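Heads up: the sequence shown begins at 12 in the numbering used here, then just goes up one per residue.
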Amino acid sequence: MFFSFPLIAQETNPNFFHDLRGFEDSTGTTQLFYRLYEPKNSTCSYQEGDQTYTTKINPYKNHIYHLDTELNSDSVILRDYVQLSGFCQEIPYNIESFIFVDNKVTKPVAMYESVYGLSGSATLETYDENTFQIGIANPLGLNYQKNTNSLIVTSPSDEVVIKSLPDNEAILKKTYRFPLDQDSLWIEKGYYDNYPDSLLIDFSVLGIVDYDDEIFIGFKDSSLVLSYDSGDTSEVIIDNFFEKYSMLDVSFEPLIIPPSSVFYLRNRANYIGNGITSDIIRVKRFGIFDGYVWEDDELLENSENKRISIDYSNPDHLYLSDTTKVFFSEDFGETMQEILEFEEEVTGLYKKPNSNILYVLTKTDLYKVENDQPTSIKQVPVSNEDTPEIPNAVSLKQNYPNPFNPTTTIEFELDKSTFTKLTVFDVLGR
Numbered sequence: 012m013f014f015s016f017p018l019i020a021q022e023t024n025p026n027f028f029h030d031l032r033g034f035e036d037s038t039g040t041t042q043l044f045y046r047l048y049e050p051k052n053s054t055c056s057y058q059e060g061d062q063t064y065t066t067k068i069n070p071y072k073n074h075i076y077h078l079d080t081e082l083n084s085d086s087v088i089l090r091d092y093v094q095l096s097g098f099c100q101e102i103p104y105n106i107e108s109f110i111f112v113d114n115k116v117t118k119p120v121a122m123y124e125s126v127y128g129l130s131g132s133a134t135l136e137t138y139d140e141n142t143f144q145i146g147i148a149n150p151l152g153l154n155y156q157k158n159t160n161s162l163i164v165t166s167p168s169d170e171v172v173i174k175s176l177p178d179n180e181a182i183l184k185k186t187y188r189f190p191l192d193q194d195s196l197w198i199e200k201g202y203y204d205n206y207p208d209s210l211l212i213d214f215s216v217l218g219i220v221d222y223d224d225e226i227f228i229g230f231k232d233s234s235l236v237l238s239y240d241s242g243d244t245s246e247v248i249i250d251n252f253f254e255k256y257s258m259l260d261v262s263f264e265p266l267i268i269p270p271s272s273v274f275y276l277r278n279r280a281n282y283i284g285n286g287i288t289s290d291i292i293r294v295k296r297f298g299i300f301d302g303y304v305w306e307d308d309e310l311l312e313n314s315e316n317k318r319i320s321i322d323y324s325n326p327d328h329l330y331l332s333d334t335t336k337v338f339f340s341e342d343f344g345e346t347m348q349e350i351l352e353f354e355e356e357v358t359g360l361y362k363k364p365n366s367n368i369l370y371v372l373t374k375t376d377l378y379k380v381e382n383d384q385p386t387s388i389k390q391v392p393v394s395n396e397d398t399p400e401i402p403n404a405v406s407l408k409q410n411y412p413n414p415f416n417p418t419t420t421i422e423f424e425l426d427k428s429t430f431t432k433l434t435v436f437d438v439l440g441r
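Here's what the structure looks like:
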């Protein structure tokens, strides 16, 4: 068997930026994170017996980059890509969710999913190389609870949490607690079906409130629920929420901020190669004569490709984007005014607290907007769309080690289809 990669020029799908996130570190420096999608439409050939087979492939990269705004330097911090295996099979290594424990860049936690054909798994991997297999479905939520030093991980899959009931049915849509300081738990825990009941929550946690991390928000059956005791008990705030919005993948941005009683959910569907479509749902509490009620509505209802960012220092201030336009609201989204428009689609927003700085990511640029003036601080790498990609020489590329696994990827190019042998030596030449 051999591989040949007669690479062809990229078609209509160029490189693009998407999925901007950010936080302020302990020094007040903004740390930004974004994805760069790089398609690589090619053909792959392999030989089986006397027969040669050729198929179209796209071993794309969708890495997550970290940009330190103080140093103005960026680099890949988490790798999301497709690797080729035998018979030109594309094996994805997708990061479905990621967070940074205690807002420290050195402490990433990622949920990797690798599903191909009838095989695959999802793996929770931490900065200290602990791993945990959770099945073959991406989680609905990945959060960190500081007061217990625990990860809170939710999955919507029926198979992920299996607990026997008297009628032999499974408890669905459960949430795990992963204490980060109990290494023995990670070692002794063989699989997800015997996880101790004391560390399970009986509803799907979607998010944890920033200012009080004992407040959880999530789904129970089809209702939106709120818990004030780290998930031990919960109350329904909106019935039939799941069916109403057909939730696929929900993320909070940024949950509840005092003194307001408003939080937001983003129902997003990420289609590789076509950007992200999303809906922004606002949930608001109103006082009445005998208590209070919760109501929900959709912001920019007739728009697509929406992004949202809240000013943490002014919780009533809201920034929203719709395709190429950016809007500002100072009353929780009741009224909005257009403040910016870009040539390319906006794919992410981040408002730096206690400042007049807004970061705007488009498909082609990362902008720093200060005093309403946008300045491009990062541009998408130029596509080699018009450049022939057939190599004219043999080359060996720099390897890309996986920070979580003892594996590495080594790429090479050949000037013609042929058999090849790769020999790896250690530092002593062995």
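Don't be surprised by glycine CBs; every beta carbon is placed ideally from N, CA and C. Computed from a prediction, not measured in an experiment: that's the story for all the values here.
Check: Would residue 16 be called buried (16 or more neighbouring beta carbons within 10 Å of its own) or exposed?; Outcome: Here the model assigns residue 16 a pLDDT of 40, short of 50, so the residue's position is not dependable, and the following value carries that caveat. So residue 16 ends up on the buried side.
Check: Determine the closest residue to residue 101 out of 69, 348 and 87, with distance taken between C-alpha atoms.; Outcome: 69
Check: If you draw a straight line from the alpha carbon of residue 153 to that of residue 299, how long is it in whole angstroms?; Outcome: 34 Å
Check: By the DSSP assignment, the alpha helix (DSSP H) with residue 345 in it spans what residues?; Outcome: Looking at the DSSP string, residue 345 is not in any alpha helix (DSSP H), and its letter there is neither H nor E.
Check: If we count the other Cβ atoms within 10 Å of its Cβ and call it buried at 16 or more, is residue 254 buried or exposed?; Outcome: exposed
Check: I'd like the list of long-range same chain contacts for residue 127, defined as Cβ closer than 7 Å, with 5 residues on each side in sequence excluded.; Outcome: 100, 101, 102 and 103
Check: Let me know if residue 73 comes out buried or exposed under the rule of 16 or more other beta-carbons within 10 Å of its beta-carbon.; Outcome: buried
Check: Tell me which residues share the same chain as residue 144 and place their Cβ nearer than 6 Å to its Cβ, disregarding the 5 neighbours each side in the sequence.; Outcome: 132 and 134
Check: Short check: CB of residue 377 to CB of residue 45, under 8 Å?; Outcome: yes
Check: For residue 296, which residues of its own chain have a beta-carbon under 7 Å away from its beta-carbon, when the five flanking residues on both sides are left out?; Outcome: 272, 303 and 305
Check: Anyone know if the C-beta pair for residue 352 and residue 335 falls short of 8 Å?; Outcome: yes
Check: Do you know whose CA, among 326, 234, 256 and 363, lies nearest residue 247's CA?; Outcome: 234
Check: DSSP beta-bridge partners for residue 337?; Outcome: 332 and 351
Check: According to the Cβ coordinates, are residue 66 and residue 55 closer than 8 Å?; Outcome: yes
Check: Are there 16 or more other CB atoms within 10 angstroms of the CB of residue 392, so buried, or fewer, so exposed?; Outcome: exposed
Check: Tell me the DSSP bridge mates of residue 99?; Outcome: According to DSSP, which records beta bridges pairwise, residue 99 is partnered with nothing at all.
Check: Exposed or buried, what is residue 157 when buried is set at 16 or more other beta-carbons lying within 10 Å of its beta-carbon?; Outcome: exposed
Check: Do you know how far the Cα of residue 421 is from the Cα of residue 366?; Outcome: 44 Å
Check: Just reading off the alpha helix (DSSP H) that residue 256 is part of, what are its end residues?; Outcome: 252-256
Check: Ignore the nearest five residues each way along the sequence and tell me which others in residue 361's own chain have a CB closer than 6 Å to its CB.; Outcome: 31, 33, 320 and 370
Check: So what's residue 154 in DSSP terms, helix, strand or just coil?; Outcome: strand
Check: Tell me whether residue 119 is buried or exposed, calling it buried when 16 or more other Cβ atoms sit within 10 Å of its Cβ.; Outcome: buried
Check: Measuring only the C-alpha atoms, how far is residue 350 from residue 43?; Outcome: 22 Å
Check: Select from 214, 219, 142 and 227 the residue whose C-alpha is nearest the C-alpha of residue 191.; Outcome: 142
Check: By the three-class DSSP mapping on this structure, what secondary structure does residue 159 have?; Outcome: helix
Check: The beta strand (DSSP E) that contains residue 442, what's its start and end?; Outcome: Residue 442 lies beyond the residue range present for the chain, which begins at 12 and ends at 441; the question has no answer from this structure.
Check: Using the rule of at least 16 other Cβ atoms within 10 Å of the residue's Cβ for burial, across every protein chain shown, is residue 436 buried or exposed?; Outcome: exposed
Check: Helix, strand or coil: how does DSSP classify residue 174 here?; Outcome: With a pLDDT of 38 at residue 174, under the threshold of 50, the modelled position of this residue cannot be trusted; read the value that follows with caution. Coil, per DSSP.
Check: With residue 28 and residue 372 assumed to form a contact (beta carbons below 8 Å), what rounded beta-carbon distance in angstroms separates them?; Outcome: 5 Å
Check: Please work out which residues of its chain come closer than 6 Å, Cβ to Cβ, to residue 249, disregarding the five sequence neighbours upstream and downstream, and give them in chain order.; Outcome: 235, 305 and 307
Check: Name the DSSP beta bridge partners of residue 362, please?; Outcome: 369
Check: From the DSSP output, in three-state form, read off residue 308 for me.; Outcome: strand
Check: Using three-state DSSP, classify residue 240 as helix, strand or coil.; Outcome: coil
Check: Answer yes or no: the CB of residue 133 versus the heavy atoms of the ligand ZN, is any distance below 7 Å?; Outcome: By its list of ligands, the structure shown contains no ligand whatsoever, and the ligand ZN lies outside what it can speak to.
Check: Can you give me the C-alpha to C-alpha distance between residue 79 and residue 115, rounded to a whole angstrom?; Outcome: 12 Å
Check: Relative to the alpha-carbon of residue 220, which residue among 229, 384 and 89 has its alpha-carbon at the smallest distance?; Outcome: 229
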